[in-house]
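**Q**
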Amino acid sequence: YMKDIRASGERVIAIVNDLLDLSRIETGKLDLAFTTQNLNEMVEQCVAVMQPQANRGRIIIRTSLAHQLPTIVADARALRQIALNLIGNSIHLANPGGQVIVSTALSDFGEVVLRVRDTGHSLNDSELAAALEPFSNHAPADQSSEGAGVSLSLTRALVEANRARFQIKTAPGAGTLIEVLFANAMVKA
Numbered sequence: 393y394m395k396d397i398r399a400s401g402e403r404v405i406a407i408v409n410d411l412l413d414l415s416r417i418e419t420g421k422l423d424l425a426f427t428t429q430n431l432n433e434m435v436e437q438c439v440a441v442m443q444p445q446a447n448r449g450r451i452i453i454r455t456s457l458a459h460q461l462p463t464i465v466a467d468a469r470a471l472r473q474i475a476l477n478l479i480g481n482s483i484h485l486a487n488p489g490g491q492v493i494v495s496t497a498l499s500d501f502g503e504v505v506l507r508v509r510d511t512g513h514s515l516n517d518s519e520l521a522a523a524l525e526p527f528s529n530h531a532p533a534d535q536s537s538e539g540a541g542v543s544l545s546l547t548r549a550l551v552e553a554n555r556a557r558f559q560i561k562t563a564p565g566a567g568t569l570i571e572v573l574f575a576n577a578m579v580k581a
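For the sequence shown, position 32 (counting from the first letter as 1) is numbered 424 according to my numbering, and the numbering increases by one without interruption.
#1: Strictly by DSSP, which residues pair up with residue 561?
#2: Between which two residues does the beta strand (DSSP E) carrying residue 450 extend?
#3: List the whole-angstrom C-beta distance separating residue 572 from residue 556, where the pair is believed to meet the contact cut-off of C-beta under 8 Å.
#4: Specify whether the region 475-490 and the region 439-456 touch according to this definition: at least 3 beta carbon pairs, one from each stretch, less than 8 Å apart.
#5: I think residue 449 touches residue 514, with their Cβ atoms under 8 Å apart; what is that distance to the nearest whole Å?
#6: Applying the 10 Å Cβ sphere with the 16-neighbour rule, what's the burial state of residue 574?
#7: In its own chain, which residues sit with a C-beta less than 6 Å from the C-beta of residue 495, not counting the 5 before and 5 after it?
#8: Is the beta carbon of residue 476 sitting closer than 7 Å to the one on residue 438?
#9: In this structure, what does DSSP give as the bridge partners for residue 493?
#10: With H, G and I counted as helix, E and B as strand and the rest as coil, what does DSSP make of residue 524?
#11: Which residue from 447, 465 and 395 puts its Cα closest to that of residue 429?
#12: For residue 582, tell me which candidate among 400, 487 and 493 has the shortest Cα-Cα distance.
#13: In three-state DSSP terms, what is residue 437?
#14: Using only the alpha-carbon positions, how far apart do residue 569 and residue 500 sit?
#15: Does DSSP put residue 475 in a helix, a strand or coil?
#16: To the nearest angstrom, report how far apart residue 522 and residue 558 are at their CA atoms.
#17: On the CB-based measure, 16 or more other CB atoms within 10 Å of its CB, does residue 519 come out buried or exposed?
#18: So residue 549 is in the alpha helix (DSSP H); what residue range does that whole segment cover?
#19: How should residue 525 be labelled, buried or exposed, when 16 other C-beta atoms within 10 angstroms of its C-beta is the threshold for buried?
Written as structure tokens, this is what we have:
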């Protein structure tokens with residue numbers, strides 16, 4: 393019982409902190425410290441943090457990290473939050489026994505790309521629109537949800553604050569793919 397109370401309290405604190413961050417971004421008051429970041433190292437750390445949650449849901453997390461990926465220029469705290477939110481969202485959408493695939497790549501245009509794909513249900517257009525709104529429940533209609541939050545709306549705002557692009561691709565039976573693309577101006581060889 394105490395464990396449930398603690399978990400609920402931590403969830404409320406996380407939502408309040410997300411709201412504060414979203415508010416700071418929207419008002420231009422979020423202080424970002426742009427420094428050189430190793431995306432592969434950050435992804436490995438975030439996967440390790442999220443592994444227990446995936447294990448509880450019987451979800452397999454796989455990684456495919458590009459060798460010799462150039463570093464990027466981004467805010468370390470925001471980059472970590474982006475990766476954690478994307479992995480957590482994909483775990484939430486994946487079915488038990490499903491997979492979350494986290495990968496990095498260098499695009500043909502010189503962009504460093506972070507991709508997080510799940511093998512769960514795909515989102516329809518209305519679910520996709522709702523997923524990007526704070527406090528909406530974006531779980532597919534045939535899947536249970538743990539409640540509303542600001543995860544993807546905050547993630548998109550953090551991505552844009554780091555001068556990167558945020559894309560979601562979804563197709564029936566193919567799950568959801570979210571990509572964060574750091575322009576080659578933000579990439580350091």
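Every residue gets a Cβ at the ideal spot worked out from N, C-alpha and C, and that includes glycine.
**A** Reading it off the structure:
#1: 569
#2: It is not in any beta strand (DSSP E) - residue 450 carries neither H nor E in the DSSP assignment.
#3: 5 Å
#4: yes
#5: With 8 Å as the limit, residue 449 and residue 514 do not qualify as a contact, their Cβ atoms being about 18 Å apart.
#6: buried
#7: 456 and 507
#8: yes
#9: 454 and 509
#10: coil
#11: 465
#12: For the chain, the structure presents residues 393 to 581; residue 582 sits outside this window and is missing.
#13: helix
#14: 19 Å
#15: helix
#16: 16 Å
#17: buried
#18: 543-553
#19: exposed
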